[in-house]
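Chains as they are written, first to last, in the UniProt record's numbering: chain A, 1 to 116; chain B, 1 to 116.
Number of protein chains: 2
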Amino acid sequence: MNIDPKLCQVDSALDIIVGKWKPIILLHLMHNGRMRFSELKRSIPEITQKMLTKHLRELESEDIVKRVVYPQVPPKVEYSITEYGRSLEEILVAMHEWGSRHTSRKKQKLSKEMSV
Amino acid sequence: MNIDPKLCQVDSALDIIVGKWKPIILLHLMHNGRMRFSELKRSIPEITQKMLTKHLRELESEDIVKRVVYPQVPPKVEYSITEYGRSLEEILVAMHEWGSRHTSRKKQKLSKEMSV
DNA sequence: CCGTATCCTTCTTGATACTG
DNA sequence: CAGTATCAAGAAGGATACGG
Numbered sequence: 001m002n003i004d005p006k007l008c009q010v011d012s013a014l015d016i017i018v019g020k021w022k023p024i025i026l027l028h029l030m031h032n033g034r035m036r037f038s039e040l041k042r043s044i045p046e047i048t049q050k051m052l053t054k055h056l057r058e059l060e061s062e063d064i065v066k067r068v069v070y071p072q073v074p075p076k077v078e079y080s081i082t083e084y085g086r087s088l089e090e091i092l093v094a095m096h097e098w099g100s101r102h103t104s105r106k107k108q109k110l111s112k113e114m115s116v
Numbered sequence: 001m002n003i004d005p006k007l008c009q010v011d012s013a014l015d016i017i018v019g020k021w022k023p024i025i026l027l028h029l030m031h032n033g034r035m036r037f038s039e040l041k042r043s044i045p046e047i048t049q050k051m052l053t054k055h056l057r058e059l060e061s062e063d064i065v066k067r068v069v070y071p072q073v074p075p076k077v078e079y080s081i082t083e084y085g086r087s088l089e090e091i092l093v094a095m096h097e098w099g100s101r102h103t104s105r106k107k108q109k110l111s112k113e114m115s116v
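Listed below in structure tokens is the structure:
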């Protein structure tokens, strides 16, 4: 580890991806390409419209997500990952993989304790 | 991106490293090896004892940090990264680097706007 | 269809004082 | 030295209703 802790920039990255539904929103968009608002909403049933809007706006303001409004009635809005946003993919994948291993590790520990 | 968003485990990883002072605590321990409580406190002047204790306890409960108490008066307690905790290093470095690029990117955008 | 606005609850953090 | 305990403030998230 040769990062000077005083210059820690981990938080700048965390600021982007932390939020109750942000990782899953990003994974959906990375997985599916362009998605309409309602499509995202259906894909994440427990999220409220308010939180979906809020998180998408935050991601948009950081240039991670692109929002395209089609001037129609009824409205149509499509979201997608920007090219810049793609640079987060590696990190998300790494975190998902670490998280998967961590979860199964915890389950193993738990089952060991239960068998004692 | 071939992660099924329904099986997203990014949050399991985020749970570990999210917390106002957790990344910097981890970087200090990864950088310096074993550190005493007071040493950590001095290295992160703005943190309160309460938050330092809380974060360390959480990291310890996830087996990321090891806590060793020396039965002395006055007390001496040393913290270090576990071998398992080392598996987080890659991700933290990746996030720090992404965060650094992101920060300078934002600065560039800002100075462009200022010059208009 | 794609949002806003309002109110409310819960979680996180901080300030401060105290202790073996 | 290395913590706990208590109280308070702020931020994040949720429920619900309404609007172009």
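Virtual Cβ for every residue (Gly too), placed ideally from N, Cα, C.
Item                                                                                                                            : Value
Cβ neighbour criterion (16 or more within 10 Å) applied to M114 of chain A                                                      : exposed
According to DSSP, residues forming a beta bridge with K107 of chain B                                                          : Paired residues: none, contrary to the question.
Bounding residues of the alpha helix (DSSP H) (the contiguous stretch that carries K22 of chain B)                              : 22-32
Nearest candidate by alpha-carbon position, reference G85 of chain A, set A:R105, A:R101, A:I64                                 : A:I64
Own chain partners of V77 of chain B with C-beta closer than 8 angstroms, once the 5 adjacent residues on each side are dropped : R36, F37, R67, V68, V69, Y70
When A:K6, A:K54, A:T53, A:R34 are compared against H46 of chain B, the one with the closest alpha-carbon                       : Sequence check: residue 46 of chain B is Glu here, not His. Minimum Cα distance to E46 of chain B is reached at A:K6.
Same chain, Cβ closer than 8 angstroms to P75 of chain A, neighbours up to 5 away in sequence not counted                       : V69
N- and C-terminal bounds of the alpha helix (DSSP H) containing S43 of chain A                                                  : 37-43
Chain-ordered neighbours of E90 of chain A on chain B, where CB pairs are closer than 9 angstroms                               : A94, W98
Which of helix, strand or coil DSSP assigns to S18 of chain A                                                                   : The question names Ser, but residue 18 of chain A is Val in the sequence shown. Three-state DSSP puts V18 of chain A in coil, outside helix and strand.
Given 8 angstroms, three or more beta-carbon pairs between the stretch 9-19 of chain B and the stretch 89-106 of chain A        : yes
Cross-chain neighbours of H31 of chain A in chain B, by beta carbon under 9 angstroms                                           : M1, N2, I3, D4, P5
Partners in chain A for I24 of chain B, counting only beta-carbon separations shorter than 9 angstroms                          : P5, K6, C8, V10, D11
Residue closest to T82 of chain B, alpha-carbon to alpha-carbon, out of B:L40, B:S61, B:H102                                    : B:S61
F37 of chain B: CB within 7 angstroms of a non-hydrogen atom of the ligand MN                                                   : Judged by which ligands are present, the structure shown has none, so any question about the ligand MN falls away.
Length of the line joining the Cα atoms of Q108 of chain B and S43 of chain A                                                   : 36 angstroms
Proximal chain A residues relative to L40 of chain B, where beta-carbon distance stays under 9 angstroms                        : Here the premise fails: no neighbours, minimum Cβ distance about 10 angstroms.
Presumed contact (8 angstroms Cβ cut-off) between L52 of chain A and L40 of chain A, rounded CB distance                        : 6 angstroms
Spatially closest choice to I24 of chain A from B:E89, B:S87, B:M1, by CA coordinates                                           : B:M1
Proximity winner among A:S111, A:H31, A:K54, relative to K20 of chain A (alpha-carbon distances)                                : A:K54
Identity of the residue in A:E90, A:R105, A:S111, A:R57 nearest M30 of chain A by Cα                                            : A:E90
Chain B residues whose Cβ lies nearer than 8 angstroms to that of H55 of chain A                                                : None at all; the shortest Cβ gap to chain B is about 14 angstroms.
Whole-angstrom distance between Y79 of chain B and K22 of chain A, CA atom to CA atom                                           : 32 angstroms
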